[in-house]
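Quick notes on the structure that follows.
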Amino acid sequence: MTDANQTKTILVTGCSSGIGAHCARALRAEGWHVIASARTEDHIAVLNADGITAYRLDYADPASIADFFEQAMAATGGRCDALFNNGGYGQVGAVEDLPVDALRAQFETNFFGYHDLTRRVIPVMRKQGHGRIVQCSSILGLVPMRFRGAYNASKHALEGLSVTLALELEDSGIHVSLIEPGAIVSRFRDNALKHFYRNIDIKGSVHRQDYQDQLRRLEKQEMSNSGKLGPEAVYRVLRHALTATRPRYHYAVTREARLGVIARRLLPARLFYPWLARQT
Numbered sequence: 000m001t002d003a004n005q006t007k008t009i010l011v012t013g014c015s016s017g018i019g020a021h022c023a024r025a026l027r028a029e030g031w032h033v034i035a036s037a038r039t040e041d042h043i044a045v046l047n048a049d050g051i052t053a054y055r056l057d058y059a060d061p062a063s064i065a066d067f068f069e070q071a072m073a074a075t076g077g078r079c080d081a082l083f084n085n086g087g088y089g090q091v092g093a094v095e096d097l098p099v100d101a102l103r104a105q106f107e108t109n110f111f112g113y114h115d116l117t118r119r120v121i122p123v124m125r126k127q128g129h130g131r132i133v134q135c136s137s138i139l140g141l142v143p144m145r146f147r148g149a150y151n152a153s154k155h156a157l158e159g160l161s162v163t164l165a166l167e168l169e170d171s172g173i174h175v176s177l178i179e180p181g182a183i184v185s186r187f188r189d190n191a192l193k194h195f196y197r198n199i200d201i202k203g204s205v206h207r208q209d210y211q212d213q214l215r216r217l218e219k220q221e222m223s224n225s226g227k228l229g230p231e232a233v234y235r236v237l238r239h240a241l242t243a244t245r246p247r248y249h250y251a252v253t254r255e256a257r258l259g260v261i262a263r264r265l266l267p268a269r270l271f272y273p274w275l276a277r278q279t
């Protein structure tokens, strides 16, 4: 993928914790020149202390995306072998309870921000004649769940845009892959709950009993993290997407994610959608 005498470079976003933090460190350990991003100076300082070059990036702030890319290119001498778009958050709440501004904010971070940074790296990769673009999507981008409408929609949009990009980059030497994780141990759920409490009128909703039941289940699950894989599960497929001669277009991660993909493929809509409606 790169010249033998040059270190491979990769931009990895959303490295404050979870998937991004683990993957940035694992890639550096394997010899990649990692340019990481985080939203706060404290998290940037932690990454720097571990020997990782890091700059601020907030997907909801176009100016920070432009600044991050300029700093990254200065640090790599204008080289970018790979981009791992990661990070974002999940806005929870029934569609009928979802304020328009909350939906816009979800797309700003999970969709438009990814697109902005992706467009910036493509000319660099075209000039090089090679590159890998890996988007951290979600199984909910393929198999939606109730009360996740904003997040489902943002990841469905990312799937559609990224697959189209892959078709348009065919034979360019630039490969596009989507990683679709299920539940992974991270701070994702904590962040989602903050946005849920901020934007959803729980007491005034016809779904308030469902919300309360789910919150109780979440409290029990959070105490044990039972059934969740760690971010290393995502790293395994990321590594394949970055190094394989023929990377896949889609990588489902976790047993539940793979089962969801199979059910979507095999079940007719009249069975599949009612089944989804019963999932919690």
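In numbering that gives the first Met the number 0, the protein residues as written are 0 to 279.
Just so you know, even glycine gets a beta-carbon here, dropped at the ideal spot from N, CA and C.
- Burial check for Ile261: the Cβ neighbour count within 10 Å stays below 16, so the residue is exposed.
- Rounded to the nearest angstrom, the gap between the Cα atoms of Thr117 and Arg254 is 29 Å.
- At the C-beta level, Val11 and Asn85 come within 9 Å of one another.
- By the Cβ criterion, the stretch 93-109 is not in contact with the stretch 18-27, since fewer than three pairs of Cβ atoms, one from each stretch, lie closer than 8 Å.
- The continuous beta strand (DSSP E) containing Arg55 extends over residues Thr52 to Arg55.
- Taking 9 Å as the cut-off, the beta carbon of Asn198 is found no closer than this to the beta carbon of Gly89.
- The three-state reading of DSSP puts Gly92 in strand, counting E and B together.
- Counting C-beta pairs with one atom in each stretch, the stretch 39-56 and the stretch 137-147 have fewer than three that are closer than 8 Å, which means they do not touch.
- Excluding five sequence positions before and after His42, the CB atoms of its chain that fall closer than 6 Å to its own CB belong to Ser15, given in chain order.
- Going by DSSP, Arg131 is part of the beta strand (DSSP E) stretching over Gly130 to Cys135.
- DSSP, read as helix, strand or coil, puts Glu167 in helix.
- Look at Ala35 here: in three-state DSSP terms it is strand.
- When the Cα atoms are used, Ile132 and Lys202 turn out to be separated by approximately 42 Å.
- For Arg235 and Pro180, the gap between their C-alpha atoms comes out near 12 Å.
- Bridge pairing for Arg147: Gly92 [DSSP].
- Rounded to the nearest angstrom, the Cβ distance from Thr6 to Ile34 is 12 Å, too far for a contact under 8 Å.
- Here DSSP, grouped into helix, strand and coil, assigns Thr108 to helix.
- Taking the CA atoms as reference points, His32 sits about 21 Å from Ile178.
- Cβ neighbours of Val123 within its own chain (closer than 6 Å, five residues either side excluded): Cys79.
- In this structure, the straight-line span from the alpha carbon of Arg186 to that of Gly13 is close to 12 Å.
- Under the DSSP assignment, Tyr196 falls in the alpha helix (DSSP H) whose first and last residues are Phe187 to Asn198.
- Less than 9 Å separates the beta-carbon of Arg119 from that of Ile64.
- In this structure, the alpha-carbon of Gly77 lies about 16 Å from that of Tyr54.
- If you ignore the 5 residues before and after His21, its C-beta comes within less than 8 Å of the C-beta of Gly229, Pro230, Glu231, Val233 and Tyr234, all in its own chain and listed in chain order.
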